[in-house]
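Right, one structure below, let's go through it.
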Amino acid sequence: MKKRDFLKTTAIASLLALLPSGMLAFKGNKRLRTAHIGVGNMGFEDLKAISSHSLVDVVALCDVDSNNLDAAKKIHSKAKTFSDYREMLKVMGSDIDAVIVSTPDHTHAPASLMAMNMGKPVYCQKPLTHHVSEARAMRKLASEKNLVTQMGIQVHSFYDYKLATLLIQSGIIGKVHTVRAWSPKDWGYNGPAPEGSDPIPETLDWNLWLGTAAERPYKEGYYHPGNWRKLMDYGCGTLGDMGVHIFDTPYNALQLDVPFTIKNECRKPTGFGFPEKNIVTYEFPGTDYTADKLKWVWYDGPGAPEMHEDLKLPGAEESSAKEKTSEQSMEDKMSLDSKEAGDGKLPDQGAMFIGEKGRLLLPHFMQLPKKIVDGEYVDISKEIAEVMEANKMGEPIRNYESEGPKHYHQFVDACLGKDSCTAPFSYAARLTETILLGVIAGRFPNKTLHWDSENAKFSEEEANQYLESPYRDF
Numbered sequence: 001m002k003k004r005d006f007l008k009t010t011a012i013a014s015l016l017a018l019l020p021s022g023m024l025a026f027k028g029n030k031r032l033r034t035a036h037i038g039v040g041n042m043g044f045e046d047l048k049a050i051s052s053h054s055l056v057d058v059v060a061l062c063d064v065d066s067n068n069l070d071a072a073k074k075i076h077s078k079a080k081t082f083s084d085y086r087e088m089l090k091v092m093g094s095d096i097d098a099v100i101v102s103t104p105d106h107t108h109a110p111a112s113l114m115a116m117n118m119g120k121p122v123y124c125q126k127p128l129t130h131h132v133s134e135a136r137a138m139r140k141l142a143s144e145k146n147l148v149t150q151m152g153i154q155v156h157s158f159y160d161y162k163l164a165t166l167l168i169q170s171g172i173i174g175k176v177h178t179v180r181a182w183s184p185k186d187w188g189y190n191g192p193a194p195e196g197s198d199p200i201p202e203t204l205d206w207n208l209w210l211g212t213a214a215e216r217p218y219k220e221g222y223y224h225p226g227n228w229r230k231l232m233d234y235g236c237g238t239l240g241d242m243g244v245h246i247f248d249t250p251y252n253a254l255q256l257d258v259p260f261t262i263k264n265e266c267r268k269p270t271g272f273g274f275p276e277k278n279i280v281t282y283e284f285p286g287t288d289y290t291a292d293k294l295k296w297v298w299y300d301g302p303g304a305p306e307m308h309e310d311l312k313l314p315g316a317e318e319s320s321a322k323e324k325t326s327e328q329s330m331e332d333k334m335s336l337d338s339k340e341a342g343d344g345k346l347p348d349q350g351a352m353f354i355g356e357k358g359r360l361l362l363p364h365f366m367q368l369p370k371k372i373v374d375g376e377y378v379d380i381s382k383e384i385a386e387v388m389e390a391n392k393m394g395e396p397i398r399n400y401e402s403e404g405p406k407h408y409h410q411f412v413d414a415c416l417g418k419d420s421c422t423a424p425f426s427y428a429a430r431l432t433e434t435i436l437l438g439v440i441a442g443r444f445p446n447k448t449l450h451w452d453s454e455n456a457k458f459s460e461e462e463a464n465q466y467l468e469s470p471y472r473d474f
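With full-length UniProt numbering, the residue at position 189 of the sequence shown is 189, and numbering never jumps.
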């Protein structure tokens, strides 16, 4: 069964047939009743952020690991708990107004599509999907049903990212011809698939964790709870994890669509784990904010980025960003990127816009963008003040506790008819598609792939098999 046929499957069709009449559309209430699929790790952060909104009632919690459910239940004791999202949606459907999906990448689309097919607004973690075909299916269904949707790229709503977008669109460095973005994180694995199996923990439903992915024996330390990001069948590597965040502002500011060529310089694929280091070069059609053609280069892995003239900072010696560990708490991730850019070294993660009138450095995150002209920093305080005043941005906020919930609350308010989402699936699907094309290019090292967006296929036929994969009945 192909992913593009997911909405037509017997399982989904039969489930929808069981729903009471009138249940397929969200009917606005004064409060929002939310159901959460995946409540461990980032899912727990999502749960806390959504439920911090004063008009949210958490009514259902779902996770394949009972340890995660127990922890979530402690703070939402009235919520009903489930291990299978299909059962939750069937049993609780009429009592759910919106669904939050915070599971491993390979289960984003199956859970989201089922909820959307029931007329539920969906907040889904990044990257939106595991395959290009799923991203297009989610974008299409959200449009057809006119649903409120939001992808979980919370920094999209942060002050400095919005400021950078407005500065670029104001022409602060003229038309942009190149973007270079990077992260030294390493969500790669060069070893073989493990042999044998280990006892499945009593708290884990392994079949439900696999979901629609191919059946595979459980092996301790390889999949649940965190290392799935490194593996092709479940995650999207560093590009899919951090790339979505760091691509977001340049992609949005420049009003890009999808690229027409993609090349990934990386090691040969093993078929199991992602490369530890990638240099992905995209070419995009021009927009009102770019040259006729835009070049975009992404670097990830230990030592990223490789030094380039475009990335040299005033007074800097040629050096790469420091390697950071992949395993970090949410608090650690915030502190990793809060180092001030201005000491001659690149921020650990970030993006550089290169335009006609200089360069703009955007650290990731919660730091002011910096303009560089002829090898020197240029004072742009006047331009920043003008943009802030013209767009009524107020005073800068650089506190994660204050900034973090904004993106989530925007979704809640949109569901209640009080706001609109700035990262809906109409946008998020295109951004995710761009990311996933780079992931696919990693299967063809050093080869330029040509993407036909209109027909949703590569000119290189051998690459098209990775746009989708079979769904397992589970």
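We put the beta carbon where it would ideally sit given N, CA and C, even for glycine.
Just so you know, these numbers come straight off a predicted model, no measurement behind them.
Which residue wins for smallest C-alpha separation from residue i, given the options the options?
{"i": "L436", "options": "K382, Q125 and V132", "result": "V132"}
{"i": "P194", "options": "E306, M118, G271 and V39", "result": "G271"}
{"i": "L346", "options": "V373, R139 and A181", "result": "A181"}
{"i": "E433", "options": "M388, R229, M232 and D257", "result": "D257"}
{"i": "L449", "options": "D379, S420, T261 and P396", "result": "T261"}
{"i": "A135", "options": "P110, K120 and S157", "result": "P110"}
{"i": "I354", "options": "A463, L254 and L47", "result": "L254"}
{"i": "S112", "options": "I96, T129 and D97", "result": "T129"}
{"i": "Y471", "options": "Y234, E144, K90 and H308", "result": "Y234"}
{"i": "E87", "options": "A72, P127 and A60", "result": "A60"}
{"i": "N146", "options": "G152, A441, A414 and M92", "result": "A414"}
{"i": "P192", "options": "H407, K219, G171 and Q125", "result": "K219"}
{"i": "D473", "options": "I279, P285 and L210", "result": "L210"}
{"i": "D300", "options": "C266, G273 and E283", "result": "C266"}
{"i": "Q154", "options": "K30, F444, K371 and K406", "result": "K406"}
{"i": "E283", "options": "E276, P269, F274 and N264", "result": "N264"}
{"i": "V297", "options": "L141, D310 and G286", "result": "D310"}
{"i": "V99", "options": "M92, K90, V122 and D84", "result": "V122"}
{"i": "Q150", "options": "G119, P369 and C124", "result": "C124"}
{"i": "E389", "options": "N446, L166 and T238", "result": "L166"}
{"i": "R443", "options": "S77, G152, D97 and G237", "result": "G237"}
{"i": "F82", "options": "S453, N464 and N68", "result": "N68"}
{"i": "S51", "options": "D63, A72, V64 and D65", "result": "A72"}
{"i": "P376", "options": "P314, P363 and Q349", "result": "The sequence shown places Glu at residue 376, rather than the Pro named in the question. Taking only the C-alpha atoms, the option nearest E376 is P314."}
{"i": "M303", "options": "I279, Q410, L361 and K295", "result": "The question names Met, yet the displayed sequence has Gly at residue 303. Nearest C-alpha to G303: I279."}
{"i": "D374", "options": "P250, Y85 and E356", "result": "E356"}
{"i": "S402", "options": "A49, E454 and M42", "result": "A49"}
{"i": "K371", "options": "G417, K312 and L416", "result": "K312"}
{"i": "S94", "options": "H108, K78 and A115", "result": "A115"}
{"i": "P445", "options": "P269, K120, F365 and D241", "result": "P269"}
{"i": "I172", "options": "Y189, V378 and S426", "result": "V378"}
{"i": "A351", "options": "G243, A463, F44 and G43", "result": "G243"}
Tell me the residue span of the beta strand (DSSP E) that contains residue i.
{"i": "A60", "result": "V56 to C62"}
{"i": "N264", "result": "T261 to E265"}
{"i": "Y299", "result": "T290 to D300"}
{"i": "A181", "result": "V176 to S183"}
{"i": "Y282", "result": "N278 to P285"}
{"i": "T165", "result": "Not the beta strand (DSSP E): T165 falls in the alpha helix (DSSP H), residues Y159 to Q169."}
{"i": "Q154", "result": "From DSSP, Q154 is part of no beta strand (DSSP E); its letter is neither H nor E."}
Quickly, what does DSSP pair residue i with across the bridge? List them, please.
{"i": "K312", "result": "According to DSSP, which records beta bridges pairwise, K312 is partnered with nothing at all."}
{"i": "Q349", "result": "Q349 is not bridged to any residue."}
{"i": "N252", "result": "None; N252 has no bridge partner."}
{"i": "residue 500", "result": "In the structure as shown, the chain begins at 1 and stops at 474. Residue 500 is therefore absent and cannot be evaluated."}
{"i": "residue 476", "result": "The shown model of the chain, from 1 to 474, leaves out residue 476, and the question about it has no answer."}
{"i": "T149", "result": "V122"}
{"i": "L141", "result": "Partner(s): none; L141 has no beta bridge."}
{"i": "residue 513", "result": "Beyond the ends of the chain as shown, which are 1 and 474, falls residue 513; an answer cannot be given."}
{"i": "R33", "result": "D57"}
In the DSSP assignment, find the unbroken alpha helix (DSSP H) run with residue i in it and report its ends.
{"i": "G38", "result": "Per DSSP, G38 belongs to no alpha helix (DSSP H) and is neither H nor E."}
{"i": "G43", "result": "M42 to S51"}
{"i": "E401", "result": "Y400 to E403"}
{"i": "T270", "result": "First-last for T270: undefined, no H or E at that position."}
Fill in: In chain order, each alpha helix (DSSP H) run of at least 4 residues that lies wholly inside the region 408-472
425-441
**Item:** Any beta strand (DSSP E) of 3 or more consecutive residues that is wholly inside the region 73-138
**Value:** 80-82, 98-101 and 122-125
Practice prompt. State whether the region 289-302 contacts the region 171-189, with contact taken as three or more CB pairs (one from each stretch) at a distance under 8 angstroms.
Written response: yes
What are the complete beta strand (DSSP E) segments, minimum 3 residues, inside the region 357-389? 358-363, 370-373 and 376-378
Requested in this report: Specify whether the region 88-106 and the region 227-238 touch according to this definition: at least 3 beta carbon pairs, one from each stretch, less than 8 angstroms apart.
Outcome: yes
Three or more C-beta pairs under 8 angstroms: does that hold for the region 386-394 against the region 148-166? yes
Checklist entry - At a cut of 8 angstroms, does the region 364-383 reach the region 192-206 through at least three beta carbon pairs? => result no
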